[in-house]
Every structure is written in C-alpha cells, then in structure tokens.
Amino acid sequence: MNILPWDLSAIPSRFFLFGEAAWYTVQITGLGVLLGLVIGLIVALGRLSSYRPISAASRAYIFLIRGTPLLVQLFIVYYGLTSIVTIAPIPSAVIALGVHNGAYIAEIFRGSIQSIHYGQMEAARSLGMTKGRAMRRIILPQAFKRAVPSLGNQLIIALKDSSLASTIAVPELMLRGRQMGSSTFMYMEMFIIVGIWYLLMTSVLSYIIHRIETRLKVSDRD
Amino acid sequence: MTKKQEPKRPNKKKEAIDPHAPFLRIEKLNKFYGDLHVLKNISLSVKKGEVVVIIGASGSGKSTLLRCVNFLEKSKDGKIYIEGKRIRNQEKQLNKVRQDLGMVFQHFNLFPHMTVIQNVMEGMVQVKGMPKDDAREKALDLLEQVGLSDKAEVYPAMLSGGQKQRVAIARALAMDPKIMLFDEPTSALDPELVGEVLTVMTDLAKRGMTMLVVTHEMWFAKEVADRVVFMDEGIILEEAAPEKMFSAPEHDRTLEFLKQVLPPQEE
C-alpha cells in the first residue's frame, strides 16, 4: 500500500517518546543562552570600556570564540579539560553554548548600546548621574529593547545548535533521534520527528519573541 | 535701567565666598577640535540672578562654550569657577557640580523609555535619593509650572517638540539648579512652537533664575537678557546690555550679524 519506503505512521505513534529529550534540549538551550546573556553583557561593556586592557581582552574573546566552531568548543570543554577537571555532559553543553553565544550576544549588545544617541548619555550625566548609573538607568533599558529582535534570532540559532550536544552524550533530541533510529532502523521517520520537534519549539519561540517586541513598543509612537 | 533687579537674598552661613563674586566665571578657556581652534581664550562671568544671552553665527563656538561649562566638552585649558570654587575635570566633583547646572539641549534628549513624570523624577530619585512620593509631588508641581500637568503619564513620543522641551526644562529644574544652561532650546522647533518654550524661559528669568542662554531668538535676547554676548569665530567680540547691543554695537561684525538676523528697523 505504501508508495514511500518509510512507515510514516510511526511518526505520530512515536512522537511523544521524544518529549523528555526535547525537555533536555530546552534546558541546555535556556541555561546556555542565559549564561550567554550574562557573558554577552559583560563583554559588550568591556569592549566599550575606555580602559585599554579590558577592551582588548573583550575583543580577543569575541575573536577567538566567533572564529572557531561550536563543536570544537564543546569538545574542548568536555574532552579537552578532563586533565584538569571532569565536567558532566549537560554542564559541558551549557558552558559551551553559553561561551559560544556570549560572543555573538556581546556584539548584539555592543551594537544596540552604540545605537543609542549620545544625547541620552549627555542628558543623564548633566543630571549628575555617574557613568555607571547612566548606563544602567538610561542607556541599557533602551539598548535591550533594540536588541530584542537580534536576541530572538540568536536564541533560535542556539536552540538548533544545541543539537551538537548529542556528540557528548547529552540525552537531547538529536541523540534520541539517533538512538531511536538505530534501534528501529526507521531513521527517516525518527529524524522527521526530531525535525518537527525543533520546528515546534522554534515556532513557539518566534511567537513569544514577537509578543515581547509588541509589548516593548508601548513607549514608541503609533 | 535694567528691567530686573538682582534678587537680594541674604548670603547666610556661606563660607568665605565673596558675595559680589560672579556665580559663574569662565577664565581664559581654549578648546580645539583637532587643529581647529574653536574657543580662543574666552573669559565670561555670570552673576547670581543674571540672564546672559550668547548670540552669534553658527560655528562661532557659542554652543561649545556652554557645553564646556558643565564639562560635556573638555577644554584644553582655562578655568571654570562656580561660586568662586574652581571646577576640575574630576568625575566625583563633576557629578556633584552638574546637579547645580541645569542643562537644556537643542534636541531635548528626553528619556524615551520613561513617561513624562518619570523623566522629571529620575534625577531627584536616582541622584538626589529623594523618596519617590516626594519626587512625584515635586515633579507634578514643576509640570504644572511648565503647563503640562495633563501629560504626566504619557511617553515623550506622544508630545510635540515644544512640549518635549518644556518637559526637559522641568527635568532640569527638578534638581534645584543654581543656574540654567540653555543650548539653542528652540532651534529644533517648528516656528509656532517656539513661543511656548520662550514663555517658560521668560517666566523662569522673572523668578530670578540665573541663566546662560545660547539662542538665535533675538526677541528673547532683547526682552529678557540682562547682558548680551556676541561671539564670532571663537572669541567674545563684545558684550553689552541688550539696549546697547541692538541699537549701537561697537563692532562692524556685530552690526553685520544683527542686520542679518533682525527684521529691518523702521526708525
């Protein structure tokens, strides 16, 4: 009866066997991006610092991390560091995703901070605010708002990149797909399930990001 | 002769400061942009309660001079004294001194992510550490003073240019400044909105506020200023009471400038 060489009915019947793995994907992505946001903010402010060693260190960080593959960074954290410290697969994935996304998020923050008109800083300073307070109260809230679309984009990229964690035995979606494929020999069906799970999650993320963007528009005209 | 008397507040328990010393004194200020010498050995004083208006062509250095007073621009040399005290380019001192120098910008620079009243409260709460309720009350008073109490809860994006500038004035006044610096406050406004801002400024002058104003509004200079300063190519070419400046300036260059900016005289 089947024209296709695959048993597509396996897709709905096995779909929810991937739920736990999807939850791992969500967790390593979420924690990784959270770490990336912290690193990104620090590195962005570092890059903008007028103190040379700090801005140079921040530039070096971005240069090294952005210029090397996530897979290499993942292996360095998981395998490479074993001679010093052994890190379990899930923390390794979170660290590598955080460090990796931190470099990209730093550039997103730097761009959005620099896009705020210098008059805002001048107005804040002329009220007697310190540089730090002006940054915290006046510049960053506006910069975050401008960063939201790019951050959303980065979050979606991070979610998909998290599939690389399957290579260090994190029981996330991709690894689950490979395992299910090899135990049932229905590789196509299982990877279609994996694809659908990713698509579902990125769709939900896109929707949430869109909602946040709309809500942040309150202070803009129209 | 002057329309306005200097307010005579007793100078209580202020340490050894000469009561006749000018409130603001700028001494031999030089400023360069690269090789361009934009301010050449400028000296200028403003007494307490005095309204000094700086006029001059674009590029004459008048805005730069104003911005040097609160160190938004750093001058190469020269000294600035506030109430007889030398102001140095040190963060700590500047953060304190700037509270006494209310600054109003050409492009308003309101904080777009805050409502009007939050804009006015920000300095009081964050810098002065005032309790929010007190700050709100004071902010409402100030907004009423500039005629915008009904706009307290809207965001700046909903305001006209004139309204924005009035909020900016209220925001500066919230810090209880001892002097107000106006950097071309009406230059970015549509002509029909200039009046409302000048009215607020005139009102401030009448209440005895010390003001240093850079403007192209000759009407304001004529009617409100105690002294008018004409700047040309980085120097103060002349300074005089407005009556004298506008009727019998000493320099040809001044006359030429005034001819260009003033409507032809009927007399």
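Just so you know, the protein sequences line up as chains U and F, in that order.
For our numbering, count along the first sequence from 1 and bump the result up by 12.
For our numbering, count along the second sequence from 1 and bump the result up by 4.
We put the beta carbon where it would ideally sit given N, CA and C, even for glycine.
Partners in chain U for residue 126 of chain F, counting only beta-carbon separations shorter than 9 Å:
136, 139, 141, 149, 150
Which residues of chain F have a Cβ atom closer than 7 Å to the Cβ of residue 172 of chain U, listed in chain order?
Per Cβ cutoff of 7 Å: no residues; residue 172 of chain U is ~32 Å from chain F at best.
Select from the segment 31 to 65 of chain U all residues with a C-beta closer than 9 Å to any C-beta belonging to chain F, and list them in chain order.
none
Can you name the start and end residues of the beta strand (DSSP E) that residue 37 of chain F belongs to?
Where residue 37 of chain F is concerned, the enclosing beta strand (DSSP E) stretches over 28 to 37.
How about residue 45 of chain U and residue 113 of chain U: do their beta carbons lie closer than 8 Å?
yes
Exposed unless 16 or more other CB atoms sit within 10 angstroms - verdict on residue 75 of chain F
buried
May I have the straight-line CA-CA distance separating residue 96 of chain U from residue 104 of chain U, to the nearest angstrom?
14 Å
Could you check where the beta strand (DSSP E) with residue 82 of chain F kicks off and where it finishes?
81 to 86
Chain F within 8 Å of residue 227 of chain U, Cβ atoms only
no
Find the residues of chain F that neighbour residue 78 of chain U, judging by a C-beta separation of less than 7 Å, and give them in chain order.
Here the premise fails: no neighbours, minimum Cβ distance about 30 Å.
Does the beta-carbon of residue 188 of chain F have 16 or more other beta-carbons within 10 angstroms, so that it is buried, or is it exposed?
Its Cβ being crowded by 16 or more others within 10 Å, residue 188 of chain F is buried.
Quick one: using the 10 Å Cβ neighbour count with 16 as the cut-off for buried, is residue 35 of chain U buried or exposed?
When all chains shown are included, residue 35 of chain U counts as exposed.
On a Cα-Cα basis, can you pick out the residue from F/41, F/173, F/234, F/238 that is closest to residue 254 of chain F?
F/234
Going by Cα to Cα distance, which pick from F/223, F/183, F/139 is closest to residue 273 of chain F?
Only positions 5 to 271 of chain F appear in this structure, which leaves residue 273 of chain F out of reach.
In the segment 163 to 185 of chain F, which residues sit with their C-beta less than 9 Å from some C-beta in chain U, listed in chain order?
172, 175, 176, 178, 179, 185
Return no unless some Cβ of chain F is closer than 8 Å to the Cβ of residue 145 of chain U.
Contact of residue 145 of chain U with chain F is assigned, a C-beta pair being separated by under 8 Å.
If you measure from the beta carbon of residue 131 of chain F to each beta carbon in chain U, is any gap under 8 Å?
yes
Going by other Cβ atoms of all chains shown within 10 Å of its Cβ, with 16 needed for buried, is residue 252 of chain F buried or exposed?
exposed
With a cut-off of 8 Å, does the C-beta of residue 90 of chain F fall near any C-beta of chain U?
no
In this structure, does DSSP put residue 19 of chain U in helix, strand or coil?
coil
Quick one, which residues of the segment 63 to 83 of chain F are near chain U if we go by CB-CB under 7 Å, in chain order?
74, 76
If you measure between the beta carbons of residue 101 of chain F and residue 86 of chain F, is that distance less than 8 Å?
It is a contact, given that the beta carbons lie within the stated cut-off.
Determine, for residue 99 of chain F, whether the minimum Cβ-Cβ distance to residues of chain U falls below 8 Å.
Yes, contact with chain U.
Go through its chain and collect everything with a Cβ distance to residue 101 of chain U's Cβ below 6 Å, but skip five positions before and after it.
Cβ within range, chain order: 180, 181, 182.
So is residue 126 of chain F buried or exposed if we call it buried at 16+ other beta carbons inside 10 Å?
buried
Just to confirm the assignment, what range does the beta strand (DSSP E) spanning residue 186 of chain F have?
183 to 187
Assign residue 6 of chain F to one of two classes, buried (16 or more other C-beta atoms within 10 Å of its C-beta) or exposed (fewer than that).
Bear in mind that a pLDDT of 45 at residue 6 of chain F, under 50, signals an unreliable position, so the number given afterwards is only what the model happens to contain. Exposed.
Since residue 216 of chain F and residue 56 of chain F should fall inside the 8 Å C-beta cutoff, what is the C-beta to C-beta distance between them, to a whole number of angstroms?
5 Å
Output the distance between the C-alpha atoms of residue 19 of chain F and residue 89 of chain F, rounded to the nearest integer angstrom.
Reliability fails at residue 19 of chain F, whose pLDDT of 45 lies under 50, so the model's placement of it is uncertain and the value that follows must be treated cautiously. Each residue's Cα considered, the two are about 11 Å apart.
Looking at the secondary structure, which residues open and close the alpha helix (DSSP H) in which residue 200 of chain F lies?
Where residue 200 of chain F is concerned, the enclosing alpha helix (DSSP H) stretches over 195 to 210.
My assumption, with CB atoms under 8 Å, is that residue 192 of chain F sits in contact with residue 143 of chain F. Please give the rounded CB distance.
About 24 Å separates the two Cβ atoms, so there is no contact after all.
Find the residues of chain C that neighbour residue 103 of chain F, judging by a C-beta separation of less than 8 Å, and give them in chain order.
Of the protein chains in this structure, namely U and F, none is chain C.
Cβ distance (whole Å) where residue 99 of chain U is taken to contact residue 84 of chain U below 8 Å:
Separation of the CB atoms of residue 99 of chain U and residue 84 of chain U is rounded to 16 Å, and the pair is thereby denied contact status at 8 Å.
Inter-residue Cα distance where the pair is residue 226 of chain U and residue 220 of chain U:
10 Å
Using beta carbons (cut-off 8 Å, strictly below), is residue 27 of chain F in contact with chain U?
No, its Cβ sits nowhere closer than 8 Å to a Cβ of chain U.
State the Cα-Cα distance for the pair residue 258 of chain F and residue 46 of chain F, rounded to the nearest angstrom.
Between the alpha carbons of residue 258 of chain F and residue 46 of chain F lies a distance of about 17 Å.
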